[in-house]
Structures are given as C-alpha cells and as structure tokens.
Amino acid sequence: MRVGIMETPAVLDATTVDRDQLLVRNFLAGDQTAFDELVAKYQPYIYNICLQMLDNPADAEDVTQNALVAAYRALPRFRMESRFSTWMYRIAINQCLSYRRRQRPEMSLERDIPEGSARFEEVDKRETVRKLIQTLAPHFRAVIVLRYYRQLSYEEIAEVLGWTPDKVKCYLHRARNVFKKAYRRELEGGGSQ
86 MRVGIMETPA VLDATTVDRD QLLVRNFLAG DQTAFDELVA KYQPYIYNIC
136 LQMLDNPADA EDVTQNALVA AYRALPRFRM ESRFSTWMYR IAINQCLSYR
186 RRQRPEMSLE RDIPEGSARF EEVDKRETVR KLIQTLAPHF RAVIVLRYYR
236 QLSYEEIAEV LGWTPDKVKC YLHRARNVFK KAYRRELEGG GSQ
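Residues 86 to 278 (the working numbering) are what the sequence shown spells out, left to right.
Take a look at the structure:
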C-alpha cells in the first residue's frame with residue numbers, strides 16, 4: 086500500500102501525547118487494538134520519513150514495516166520519558182540507517198516528473214534538491230529530514246538520534262554547508278560527479 090506524503094504536526098498537543106501514552110499503557114495491559122490504533126496513526130508519518138531517507142517507495146514500505154515490528158517488540162521497554170512519536174521516529178531513522186548500510190551504495194533516483202507541466206521548473210528544482218539530499222551522508226540526511234521535512238525542534242531531533250542538541254546544531258550546520266556547496270555545483274552545471 087502506497088501512502089501519500091503527510092506533514093507531521095510541528096507541535097503535538099497535550100491531548101495527543103496523553104492519548105498516545107494511554108494507548109501504550111492499554112497495549113501493555115494486553116489490549117492489542119491499542120497498538121493497531123498507534124500503527125494507524127503513525128504509519129503514514131513513519132513511511133514518509135523512510136521515503137525521504139531511502140528515496141524508494143518499495144524500500145520505504147519494507148523499512149516502515151520493519152520499524153513497526155521493531156516498535157511492537159520494544160514497546161514493553163518504552164519508559165514514557167519521551168513522546169511516543171519521538172521514540173517511533175528514532176526507531177524509523179535507525180531502521181533506515183541500518184537498511185542503507187546493508188544496501189549497495191547506489192540507490193534509484195528515478196521519479197515520475199510530469200512532462201509539459203507549467204510548473205516543470207519548480208518540479209525540477211525540487212527533484213534536484215531531493216537528489217542532492219540523497220547524496221548526503223546518512224546522519225546529515227537524517228538531521229535534514231527531521232528538521233525540514235518533519236519540522237522537529239533541535240531537542241526533539243537530539244532525542245530521536247540520541248545526541249545532544251548542540252551536536253544536532255553542529256551536524257545540521259555542516260549538512261547545510263555540504264548541501265549548499267553541492268547545490269551551487271549543480272547550478273553551475275558541474276553536477277556531483
């Protein structure tokens with residue numbers, strides 16, 4: 086099943102956090118439908134993180150399933166010291182990084198671009214950005230995806246990646262610099278080769 090791109094709410098309200106914690110508690114008490122509800126809620130977000138990290142819909146679906154299975158198995162160890170969403174994002178990012186390490190370095194960068202579109206230049210620019218993000222080192226890609234696509238704060242990214250907020254800021258700064266240089270080369274016609 087292919088899931089469309091969804092935006093993650095920048096701020097989860099207290100009701101959402103409380104509801105997630107209630108569902109986790111219910112699952113731990115034996116209510117299997119509670120986990121089904123968490124999956125229904127978070128699967129589209131996890132899929133989109135995986136898609137942005139892996140740039141391949143089939144791989145993103147596989148890794149999304151792996152992340153959900155990993156969450157199911159690890160849920161008894163979830164300490165509720167962080168939001169469920171942050172914990173789930175961490176699992177998804179780790180699954181993506183593990184998957185990338187196991188794969189060939191080259192990944193398919195093909196995407197359907199509507200030809201003859203009045204917005205071809207905009208689509209072409211987005212495609213260039215997407216391709217360049219895929220060339221970043223995995224941890225640079227992770228901070229870019231979490232910050233700009235998932236709109237997480239430095240503190241939330243730190244929690245997802247198990248880093249300090251200062252390390253997140255440093256990696257994000259370095260990732261932006263690497264991206265800017267690659268983007269300039271691309272605009273000058275030099276490409277990334």
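For glycine and all other residues, C-beta sits at the position ideal for the given N, C-alpha and C.
query                                                                                                                        : result
Close Cβ partners of Arg232 (< 7 Å) along its chain, the five nearest in sequence each way excluded                          : Ile242 and Leu257
Span of the alpha helix (DSSP H), counted from its first residue to its last, around Met117                                  : Per the sequence shown, the amino acid found at residue 117 is Gln instead of Met. Segment Gln117 to Leu139, the alpha helix (DSSP H) holding Gln117.
Any 3 or more C-beta pairs closer than 8 Å across the segment 146-162 and the segment 212-222                                : no
Helix, strand or coil at Phe163 according to DSSP, with G and I counted as helix                                             : coil
Buried/exposed call for Arg235, threshold 16 Cβ in 10 Å                                                                      : buried
Beta-carbon contacts of Pro223 that lie in its chain and below 6 Å, excluding the five residues immediately before and after : Leu182 and Arg185
Touching by the beta-carbon criterion (3+ pairs, under 8 Å), the segment 171-182 and the segment 154-161                     : yes
Cys135 burial status per 10 Å Cβ neighbour count (16 or more: buried)                                                        : buried
Nearest-angstrom Cβ-Cβ length linking Ile178 and Val109, presumed shorter than 8 Å                                           : Contact flag wrong, Cβ pair sits at about 20 Å.
Burial state of Asn262, where buried means 16 or more other Cβ atoms lie within 10 Å                                         : exposed
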